[in-house]
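Student: In our numbering, the protein residues as written are 144 to 437. All residues carry an ideal CB built from backbone N, CA and C; glycine is no exception.
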Amino acid sequence: MNPARFDTLALHAGAAPDPASGARAVPIHLSTSFVFDDSAHAAALFNMERAGHVYSRISNPTNAVLEERIAALDCGVGALATASGQAALHLAIATLMGAGGHIVSSVALYGGSHNLLHYTLRRFGIDTTFVAPGDIDAWRAALRPNTRLLYGETLGNPGLDVLDIPTLSQLATAHGVPLLVDSTFTTPWLMQPVEHGAHFVLHSATKFLSGHGTVIGGLLVDGGTFDFEAERARANFPEITQPYAGFHGMVFSEESTVAPFLLRARREGLRDFGACMSPMNAWQILQGVETLPV
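#1: Using the Cα positions of G266 and I236, report the straight-line distance between them to the nearest angstrom.
#2: Apply the 10 Å Cβ neighbour rule to P321 and answer buried if 16 or more other Cβ atoms are within range, or exposed otherwise.
#3: Going by the DSSP bridge assignment, what does C419 pair with across the sheet?
#4: Assign H342 to one of three DSSP states: helix, strand, or coil.
#5: Considering only C-alpha positions, which residue in the set V337, V432, R409 is nearest to S347?
#6: Determine the direct distance from the alpha carbon of A275 to that of N289, and round the result to whole angstroms.
#7: Could you pull the start and end residues of the beta strand (DSSP E) that F189 belongs to?
#8: Do L413 and T225 have their beta-carbon atoms positioned less than 9 Å apart in this structure?
#9: What did DSSP end up calling I279 once you bin it into helix, strand or coil?
#10: Please report the distance separating the alpha-carbon of T330 from that of L298.
#11: Nearest by alpha-carbon distance to P403: which of I428, C419, R375, M423 is it?
#12: Measure how close the beta-carbons of A315 and L333 come, nearest whole angstrom, since I'm counting them as under 8 Å.
#13: Excluding the 5 residues flanking V220 on each side, which residues of the same chain have their C-beta closer than 6 Å to its C-beta?
#14: Does the beta-carbon distance from M240 to E382 come in below 9 Å?
#15: Please classify Y253 as buried or exposed, where buried requires at least 16 neighbouring CB atoms within 10 angstroms.
#16: Hey, A425 and N203: beta-carbon distance below 9 Å or not?
#17: Expressed to the nearest angstrom, what Euclidean distance is found between the alpha-carbon atoms of L429 and E210?
#18: At which residues does the alpha helix (DSSP H) containing E296 begin and terminate?
#19: Among R287, T327, G319, whose alpha-carbon lies nearest the alpha-carbon of E296?
#20: When you compare each of V247, G277, Y198 to A285 by their alpha carbons, which one comes out closest?
#21: Assuming F395 is part of the alpha helix (DSSP H), what are its boundary residues?
#22: Let me check one thing: in DSSP terms, what residues is F273 bridge-paired to?
#23: Are F390 and A230 closer than 9 Å when you measure CB to CB?
#24: Per DSSP, Y387 forms a beta bridge with which residues?
#25: Which two residues bound the contiguous alpha helix (DSSP H) that contains D150?
#26: Whose C-beta lies closer than 6 Å to the C-beta of E372 among residues of the same chain, with five residues either side of it excluded?
#27: Can you say whether M423 is buried or exposed, counting buried as having 16 or more other CB atoms within 10 angstroms of its CB?
#28: Is the segment 149-161 in contact with the segment 212-219, if contact means three or more CB pairs nearer than 8 Å?
#29: Based on DSSP bridge pairs, tell me the residues matched to Y96.
#30: Any idea what DSSP makes of L303, helix, strand or coil?
#31: Under the DSSP definition of a beta bridge, which residues are partnered with G361?
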């Protein structure tokens with residue numbers, strides 16, 4: 144069988160007929176919590192020994208369809224739905240680093256993102272160096288031993304400055320840090336940054352993915368290509384590669400060898416920061432995604 148084309152994925156990826164009713168359209172699961180068969184079932188879900196939903200702040204069946212669909216369209220191994228694009232950016236950074244971390248970022252950014260990096264995160268001990276998106280020498284010169292992320296937008300908002308993703312990916316990989324790309328303006332229909340070397344991708348689904356100006360939402364996509372285990376010896380990402388006391392000593396890079404970044408972002412980030420997407424918003428964004436190729 145031939146692989147599904149983009150148009151088919153935009154309509155069907157992540158979805159299956161509802162087992163209870165047979166409904167073809169994705170249901171809206173407006174439920175805060177979910178039923179356990181017994182205490183053993185509950186314990187298995189909380190300990191991540193079984194797949195399933197516990198509480199909609201962390202995961203929800205409607206949101207899961209959107210996450211799987213965007214991951215498929217963006218050539219990722221998984222995705223995470225958030226309350227907004229801004230929430231997705233904050234969640235990505237908070238998952239990768241704490242106080243003392245450093246980011247090298249394109250200066251050609253959406254104003255809210257620039258403010259988060261330049262002002263807000265500095266209060267929490269995370270510093271950012273801004274460089275022109277096309278000046279690769281400036282990107283290289285800005286790298287520090289404590290740099291933990293390279294960040295930029297495929298097309299800068301609003302000036303449409305173009306980001307050289309393949310070259311920045313090579314630079315990031317050589318330095319042992321991931322490249323996060325905001326693909327809001329391009330969407331998976333015009334560009335799949337993972338295919339050009341980005342390790343992680345974020346979207347403000349509020350804009351072109353939704354397309355109707357009716358909902359706020361964000362998405363964070365993991366390309367599954369950044370090797371956290373290779374960085375364990377240098378202790379660059381202890382948030383991912385070392386035991387986490389807040390989740391029973393779990394080592395996320397051992398628990399998930401495919402997408403440990405997303406696992407921590409969901410299990411810690413959505414749990415503790417609470418910037419989850421409403422299932423109603425997820426459903427409305429799905430309506431926009433269905434017609435993305437049109």
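Tutor: For this structure:
#1: Against the sequence shown, residue 266 aligns to sequence position 123. Against the sequence shown, residue 236 aligns to sequence position 93. Rather than Gly, the amino acid found at residue 266 in this sequence is Arg. In a straight line, the C-alpha of R266 is about 14 Å away from that of I236.
#2: Against the sequence shown, residue 321 aligns to sequence position 178. Buried.
#3: The residue you call residue 419 lines up with position 276 of the sequence shown. In the DSSP assignment, C419 is bridged to T225.
#4: Locating residue 342 in the sequence shown gives position 199, where the first residue counts as 1. Of the three classes helix, strand and coil, the one that applies to H342 here is coil, per DSSP.
#5: On the sequence shown, position 204 is the one that residue 347 refers to. The candidate whose alpha carbon is nearest that of S347 is V432.
#6: If you number the sequence shown from 1, residue 289 lands on position 146. If you number the sequence shown from 1, residue 275 lands on position 132. Rounded to the nearest angstrom, the two C-alpha atoms are 21 Å apart.
#7: Here the question's residue 189 lines up with position 46 in the sequence shown. Not the beta strand (DSSP E): F189 falls in the alpha helix (DSSP H), residues 182-189.
#8: One-based indexing of the sequence shown puts residue 225 at position 82. One-based indexing of the sequence shown puts residue 413 at position 270. For T225 and L413, yes; Cβs fall inside 9 Å.
#9: For the purposes of this step, residue 279 is taken as the residue at position 136 of the sequence shown. I279: helix per DSSP, three-state reduction.
#10: Here residue 330 refers to the residue found at position 187 of the sequence shown. Here residue 298 refers to the residue found at position 155 of the sequence shown. It is roughly 11 Å from the alpha-carbon of T330 to the alpha-carbon of L298.
#11: Sequence index remark: in the sequence shown, residue 403 carries index 260 (1-based). If we check each option's Cα against that of P403, R375 comes out closest.
#12: Stepping through the sequence shown from its first residue, residue 315 is reached at position 172. Stepping through the sequence shown from its first residue, residue 333 is reached at position 190. With 8 Å as the limit, A315 and L333 do not qualify as a contact, their Cβ atoms being about 22 Å apart.
#13: Mapped onto the sequence shown, residue 220 falls at position 77. D365, G367, V401, A402.
#14: Here residue 240 refers to the residue found at position 97 when the sequence shown is read from its first residue. Here residue 382 refers to the residue found at position 239 when the sequence shown is read from its first residue. Remark: C-beta atoms of M240 and E382 approach each other more closely than 9 Å.
#15: One-based indexing of the sequence shown puts residue 253 at position 110. The C-beta of Y253 has 16 or more other C-beta atoms within 10 Å across all chains shown, which makes the residue buried.
#16: Residue mapping note: residue 425 aligns to position 282 of the sequence shown, counting from 1. Residue mapping note: residue 203 aligns to position 60 of the sequence shown, counting from 1. Yes. Within cutoff.
#17: Position 286 of the sequence shown, counted from the start, is the residue given in the question as residue 429. Position 67 of the sequence shown, counted from the start, is the residue given in the question as residue 210. Cα-Cα distance, rounded: 10 Å.
#18: Stepping through the sequence shown from its first residue, residue 296 is reached at position 153. Segment 290-296 is the beta strand (DSSP E) holding E296; no alpha helix (DSSP H) there.
#19: Walking along the sequence shown from the start, residue 296 turns up at place 153. In terms of CA proximity to E296, T327 leads the group R287, T327, G319.
#20: Locating residue 285 in the sequence shown gives position 142, where the first residue counts as 1. It is V247 whose Cα lies nearest to the Cα of A285.
#21: The residue you call residue 395 lines up with position 252 of the sequence shown. Run containing F395: 395-398, per the alpha helix (DSSP H) assignment.
#22: Along the sequence shown, one-based indexing puts residue 273 at 130. S248, per the DSSP bridge assignment.
#23: The count along the sequence shown starts at 1 and reaches residue 390 at position 247. The count along the sequence shown starts at 1 and reaches residue 230 at position 87. No, Cβ-Cβ distance for F390 and A230 is not below 9 Å.
#24: The residue you call residue 387 lines up with position 244 of the sequence shown. BP columns for Y387 point to M393.
#25: As a first step, residue 150 must be located in the sequence shown, where it is residue number 7. DSSP places D150 in the uninterrupted alpha helix (DSSP H) bounded by 149-155.
#26: Your numbering for residue 372 matches position 229 in the sequence shown. Counting only Cβ-Cβ distances below 6 Å, and skipping sequence neighbours, we find S396.
#27: For the purposes of this step, residue 423 is identified with residue 280 of the sequence shown, where counting begins at 1. When all chains shown are included, M423 counts as exposed.
#28: Cβ pair count under 8 Å is three or more, so yes.
#29: One cannot answer for residue 96 here, as it falls past the ends of the chain, which runs 144 to 437.
#30: Residue 303 sits at position 160 when you count from the first residue of the sequence shown. For L303, the three-state secondary structure derived from DSSP is coil.
#31: Residue 361 sits at position 218 when you count from the first residue of the sequence shown. Answer is T225, S347, bridged to G361.
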